[in-house]
Amino acid sequence: DALWQQSSRVVELPTARVSAGARLAIVIGAGLAGSAVAAELAQRGWEVQVFERHGVIAAEASGNPVAAFRPHLSLDDCALSRLSRAGVQALHRSLDRHGAYADKLAERTGLIEVADSPDDLRRLAALAQAYSARAGKGLGEVELLDQHAASNKAGAALRSGGLWLREAGWVRPPALCAR
Numbered sequence: 001d002a003l004w005q006q007s008s009r010v011v012e013l014p015t016a017r018v019s020a021g022a023r024l025a026i027v028i029g030a031g032l033a034g035s036a037v038a039a040e041l042a043q044r045g046w047e048v049q050v051f052e053r054h055g056v057i058a059a060e061a062s063g064n065p066v067a068a069f070r071p072h073l074s075l076d077d078c079a080l081s082r083l084s085r086a087g088v089q090a091l092h093r094s095l096d097r098h099g100a101y102a103d104k105l106a107e108r109t110g111l112i113e114v115a116d117s118p119d120d121l122r123r124l125a126a127l128a129q130a131y132s133a134r135a136g137k138g139l140g141e142v143e144l145l146d147q148h149a150a151s152n153k154a155g156a157a158l159r160s161g162g163l164w165l166r167e168a169g170w171v172r173p174p175a176l177c178a179r
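The numbering of the sequence shown is the working numbering, which starts it at 1 and goes up by one.
Structure follows, in structure tokens:
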């Protein structure tokens, strides 16, 4: 519509050589999702046009200076947990392939989910036990840490122990989208 056309800008991204039977993709939005889709399509030889309603990339939620990522955990390794884990593994491969780890636009630092209460610590202990029972199935390292071990790993005094998630990390969304 007219409002979309007035507030949109075309962001040209580099593309691979396109053959006579070229395919064109139009991507709406230049945040994390749109930028990732555009980059992957361009790498596969597609001609890509990105429409962004703001004058800059990563202007909305993807404009946060840093974002954390981590897999979802569940006692029964439900579909959401498996999908989340596959997504984090795919993210690691993509960040590595695009040099984001080497350029410090992202880092696989791990994350500690700190317990809020004794009940929460029991919940985290049950998750750790469930995941260690399924070890060797590509689940990544999940470990219950007491308050002392969690504080040592975090490099800061924590109020409680928690669950260590080795596959977690952070990204710098605006810088990543700018690539």
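Cβ atoms here follow ideal geometry from the backbone N, Cα and C, with glycine treated the same way.
Assigned secondary structure, residue i (DSSP; H/G/I helix, E/B strand, else coil)
i: L163; result: strand
i: A68; result: strand
i: R121; result: Note that residue 121 is Leu in the sequence shown, not Arg. Helix, per DSSP.
i: G169; result: strand
i: V37; result: helix
i: A128; result: helix
i: V27; result: strand
i: L144; result: strand
i: L73; result: coil
i: L91; result: helix
i: L111; result: strand
i: A156; result: coil
i: A150; result: helix
i: P174; result: helix
Length of the line joining the Cα atoms of residue i and residue j
i: V56; j: I26; result: 17 Å
i: C177; j: A38; result: 10 Å
i: T109; j: A154; result: 10 Å
i: P173; j: E52; result: 16 Å
i: L144; j: L121; result: 9 Å
i: A106; j: D119; result: 33 Å
i: A100; j: Q89; result: 15 Å
Buried or exposed (CB count within 10 angstroms, at least 16 for buried), residue i
i: G87; result: exposed
i: L111; result: buried
i: S183; result: The requested residue 183 is not part of the displayed model; the chain covers only 1 to 179.
i: V142; result: buried
i: R159; result: exposed
i: N152; result: exposed
i: A115; result: buried
i: L75; result: exposed
i: L95; result: buried
Cβ distance (whole Å) where residue i is taken to contact residue j below 8 Å
i: Y131; j: L83; result: So it is not a contact: roughly 16 Å between Cβ atoms.
i: E113; j: L165; result: 7 Å
i: G31; j: E60; result: 6 Å
i: R179; j: H98; result: 6 Å
i: W170; j: A36; result: Actually they are not in contact, since the Cβ atoms of W170 and A36 sit about 16 Å apart, beyond 8 Å.
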